[in-house]
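To keep things clear, I will list the structure first and then write my remarks on it.
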Amino acid sequence: MFESKRMAKVLFFILIFIGGLQFLPAVNAKEGMWIPATLKKHENQMKALGLEIPIEELYNENGGGLNNAVVLFGRGCTGEIISSKGLILTNHHCGYGSVQGLTSLKNDYFATGFFAKGLNEEIPCPGLTVTFIRKMENVTQKILPGISDTLKDAIRDSIIAGRIKGLERDYEYKTGMDATIKSYYEGNQYWVAITETYTDIRLTAFPPNGIGTFGGDDENWIWPRHTGDFSVFRVYAGANNKPATYAANNKPYDATKFFKINTSGYKEGDFTMVYGFPGTTMEYISSFELNQVYSIIDPISIAARTKKLNVWSNHMNAKRDVFLKYTSKRATVANGWKKWQGEVLGLKVNNAIEKKQAFEKGFQDWAIKNIREPYVKNILPQLQAGAAGVNDLIFQDQHIREEVFGIELIQQGVSLDKMVACFRGKFSESELRDTLQKLAKGLDWFYKNYDMETDKDVFASLMPLYMRACKQNLPLYYKEQYRKHLNSCRRWSKSVYNKSLLASSDRLLEFAKKATQADSNVLKEDPALRLYNEVAAIRKEKISPKVDAYKTIKHYLNRLYISAQMSYEEQKDFYPDANLTLRLAYGNVKGLDPDGPAGYSFQTTLGDVVALDDTTSTQFKVPSKLKELYKTKDYGRWGVNGTMPVAFIAANHTSGGNSGSPVLNNKGELIGTNFDRAYEGTMSDYLFDPNRCRNISVDIRYTLFILDKFGGAGWLMDEMSFTK
Ligand code: ARG
Ligand code: ASP
3 MFESKRMAKV LFFILIFIGG LQFLPAVNAK EGMWIPATLK KHENQMKALG LEIPIEELYN
63 ENGGGLNNAV VLFGRGCTGE IISSKGLILT NHHCGYGSVQ GLTSLKNDYF ATGFFAKGLN
123 EEIPCPGLTV TFIRKMENVT QKILPGISDT LKDAIRDSII AGRIKGLERD YEYKTGMDAT
183 IKSYYEGNQY WVAITETYTD IRLTAFPPNG IGTFGGDDEN WIWPRHTGDF SVFRVYAGAN
243 NKPATYAANN KPYDATKFFK INTSGYKEGD FTMVYGFPGT TMEYISSFEL NQVYSIIDPI
303 SIAARTKKLN VWSNHMNAKR DVFLKYTSKR ATVANGWKKW QGEVLGLKVN NAIEKKQAFE
363 KGFQDWAIKN IREPYVKNIL PQLQAGAAGV NDLIFQDQHI REEVFGIELI QQGVSLDKMV
423 ACFRGKFSES ELRDTLQKLA KGLDWFYKNY DMETDKDVFA SLMPLYMRAC KQNLPLYYKE
483 QYRKHLNSCR RWSKSVYNKS LLASSDRLLE FAKKATQADS NVLKEDPALR LYNEVAAIRK
543 EKISPKVDAY KTIKHYLNRL YISAQMSYEE QKDFYPDANL TLRLAYGNVK GLDPDGPAGY
603 SFQTTLGDVV ALDDTTSTQF KVPSKLKELY KTKDYGRWGV NGTMPVAFIA ANHTSGGNSG
663 SPVLNNKGEL IGTNFDRAYE GTMSDYLFDP NRCRNISVDI RYTLFILDKF GGAGWLMDEM
723 SFTK
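With the working numbering, the residue at position 112 of the sequence shown is 114, and numbering never jumps.
This is the structure in structure tokens:
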């Protein structure tokens, strides 16, 4: 009797303990990018992890939250407001394109940096915009009522599109601001964002590349990192502090909300938040779709780009003018190339496909028992069959995208089509030549950054990949040409670049100047146009219709799938996949030790930067003034016991678009600016592993030190607000 009573008591406590566990912070506490307006339900957990301010300070229904200090910078980055006078901090790589537009041989800001000495020296950046998110509201109940879950997407989409337009107009009328409604959870929810977009944005400070891109592509996606990847701009406003087109007498934006800066640093384990605009994640897709990324799309892209980057590098190293033409293109191509390698590795180490399969098995068992919604059990089989039906086409398409269209001449082939069209117009001979010349000149932007010899080599190394991988499905023209050139892509490439008008701007202009009505065949037979058209035709006839149909049905099924996953895992808190809307992620400062005892610390310092100095390298050359400051330890008020922190990592869930995001401490104060992720964890767009996923940030003290001591822009500190 006693015994069994004791047993019951023990059992009772075990049950309480297990029940209690559910209220402790979940293991995946650091995964997720949350809609700020839904953070309230995380408050307890965030406070348990260290948050010391009420959620309302981060986001507030009634206005006045820190969301007013986070901006969409340009079209794909984040920035933060750091003074009452509209000063914006973002990444160097986010400001790069705008600064390129302000740069000339005389004012080479990439080499010298730029640091305005006062408001009057700030430089307008035409085309650059900054968008504030004033408020977000869940409008699902205004968009979805009366629409059945299983209504096919074409009909559903058109009803929804109509409702969205009407509702956006209502909000714009009511608020006097812009309103954009976007879909979340694949169309299971809709949120409106009330926004204001400013267009008079000026450059305030931009460190030279020796700081802002230090480490270059070698250290891209890598921790430990040594880059001062930041730049500073300012928002200007017109009357009533509202958006206005550029005018010399616009005033700095009067910011009621801006981030206070905390210069006392952080230690391992400290609570952190990243507030910004992650672009795309796909956390809830099926194993069948993930497998397309993992075993088709990524590997093809990586292999093709490895070849292309090798060829480009050889030519760039041999000739300075080729280097200057290709440096920016190379950075873009290499950025994806390296990210995907990390992604494949991370998915593999995590057995991501197997994990999804195991999940799907559980889901399927549940779905079969779930008689309320009988269609649920058909979701996965349909996704599986859909993927199986197009995997081969996706394979071919990826080879075409990376290998055929990876050859610049072929990709540009389409421009010749426009010229061909001129011959069909009723032009006189002189009008014809005029129009052709105009079109040829319109390609100046292309030739400015094009080198024929380099591209010819790219043809010779990429084309064999395509010819081999897709040999069952090649366009006839490709087969003939290949045979005609004795199965040698190098011979073939020689003749293509010898013959094609597109291979050089002079050749094309020469043709345009002299063309007569009889010359249309010269264009139609141009190898660049043929190569483009023939492969485009294969895509149009044999690939795209099926792939597009698959995408439509997949979108439909994924919407049902997420919604069903939410019923299946009722206890789990689902965050919506990234869609370039404002999100907050929280986690903590944490070193990275994925595979062994070595581990990396969570922070790098200026000493580490100087240790990498290599005066013969463009990527690792430390500016002499920075070395001087290091030698004399002249860190002003920004150093810490004789050292200068540079970058740090934390386990926050971020993605592309989070570049430039404010990294905040437990009081919502700024401690850094996010700019990248660690290689080990770039698969976080599909699967977040807290042991491997780290976001990389510039330490705010490094930013301030560079502005103050390196750039002599100490005047900016007077408008900031500091805390310790
Ligand atoms: N990896 C960073 C992000 O995806 C880009 C960093 C830019 N630097 C570079 N070397 N490409 O945007
Ligand atoms: N570097 C990325 C960006 O520019 C950030 C990331 O992918 O982690 O948004």
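In this text, a Cβ means the ideal position worked out from N, Cα and C, and glycines have one as well.
Source: prediction; values computed, not measured.
query: For L51 and K340, what's the separation of their Cα atoms in angstroms?; result: 33 angstroms
query: Does the distance between the C-beta of N668 and the nearest non-hydrogen atom of ligand 2 fall short of 7 angstroms?; result: no
query: Name the one or two DSSP bridge partners that N264 has.; result: T725
query: Rounded C-beta distance between T437 and F448? I'm assuming under 8 angstroms.; result: About 18 angstroms separates the two Cβ atoms, so there is no contact after all.
query: Which residues in the same chain as G2 place their Cβ atom closer than 6 angstroms to its Cβ, once the five residues preceding and following it in sequence are excluded?; result: This structure cannot settle anything about residue 2, because the visible part of the chain is limited to 3 through 726.
query: Please give the ranges of any beta strand (DSSP E) in the region 113-166, keeping only runs that are unbroken, at least 3 residues long and fully inside the region.; result: 132-140
query: For the beta strand (DSSP E) containing C79, name the first residue and the last one.; result: 79-83
query: Thinking C-beta only, is F261 closer than 8 angstroms to I57?; result: no
query: At a cut-off of 7 angstroms, would you count G388 as near ligand 2, judging by its Cβ distance to the nearest heavy atom?; result: no
query: Under 7 angstroms: does the beta carbon of R77 sit that close to some heavy atom of ligand 2?; result: no
query: Regarding D300 and ligand 1, is the C-beta to nearest heavy atom distance less than 7 angstroms?; result: no
query: With a threshold of 6 angstroms on Cβ separation, who are the neighbours of I135 within its own chain once the five nearest residues in sequence on each side are excluded?; result: N69, A195, T197, L584
query: Do T133 and ligand 2 come close, with the Cβ less than 7 angstroms from some heavy atom?; result: no
query: Where in the region 167-253 do unbroken runs of the beta strand (DSSP E), each at least 3 residues long, occur, reported from the N-terminal end onward?; result: 180-186, 191-200, 202-208, 233-239
query: By the three-class DSSP mapping on this structure, what secondary structure does A31 have?; result: With a pLDDT of 49 at A31, under the threshold of 50, the modelled position of this residue cannot be trusted, and the question is left open.
query: The beta strand (DSSP E) that contains A2, what's its start and end?; result: This structure cannot settle anything about residue 2, because the visible part of the chain is limited to 3 through 726.
query: Can you check DSSP and say which residues form a bridge with Q102?; result: None, per the DSSP bridge assignment.
query: Under 8 angstroms, do I702 and P209 count as touching if we go by C-beta distance?; result: no
query: I'd like to confirm the pairing. Which residues does DSSP put opposite L586 in its beta bridges?; result: W36, Y277
query: Below 8 angstroms between beta carbons: does that hold for A538 and C491?; result: no
query: Does the distance from the CB of K357 to the CB of A369 come in under 8 angstroms?; result: no
query: Name the residue from R307, F622, V324, N489 whose alpha carbon lies nearest to the alpha carbon of M454.; result: V324
query: Return yes when the C-beta of H95 is under 7 angstroms from any heavy atom of ligand 1, and no when it is not.; result: yes
query: Using DSSP's beta-bridge definition, name the partner residues of N676.; result: S699
query: Cβ of S661 versus every heavy atom of ligand 1: is any distance shorter than 7 angstroms?; result: yes
query: I need the straight-line Cα distance from G674 to P664, nearest angstrom please.; result: 6 angstroms
query: Taking the C-alpha atoms as reference points, what is the distance between G230 and T114?; result: 15 angstroms
query: With DSSP as the reference, identify every bridge partner of Y499, one or two as the case may be.; result: Y499 is not bridged to any residue.
query: When every heavy atom of ligand 1 is checked, does at least one fall within less than 7 angstroms of the C-beta of A333?; result: yes
query: Measuring only from the beta carbon, is G658 closer than 7 angstroms to any heavy atom that is part of ligand 1?; result: yes
query: Do you know offhand how far V524's Cα is from N535's?; result: 15 angstroms
query: Between F513 and the rest of its own chain, which residues show a CB-CB distance below 6 angstroms, the 5 nearest in sequence each way excluded?; result: L503
query: Within 10 Å of its beta-carbon, does N319 have 16 or more other beta-carbons around it, so buried, or fewer, so exposed?; result: exposed
query: What three-state label does DSSP hand A306 in the structure shown?; result: helix
query: Let's see if you can read the secondary structure: which residues bound the alpha helix (DSSP H) around Q483?; result: 478-486
query: By alpha-carbon positions, which one of K458, K556, E404 ends up nearest to K1?; result: There is no way to answer for residue 1, as the model of the chain reaches only from 3 to 726.
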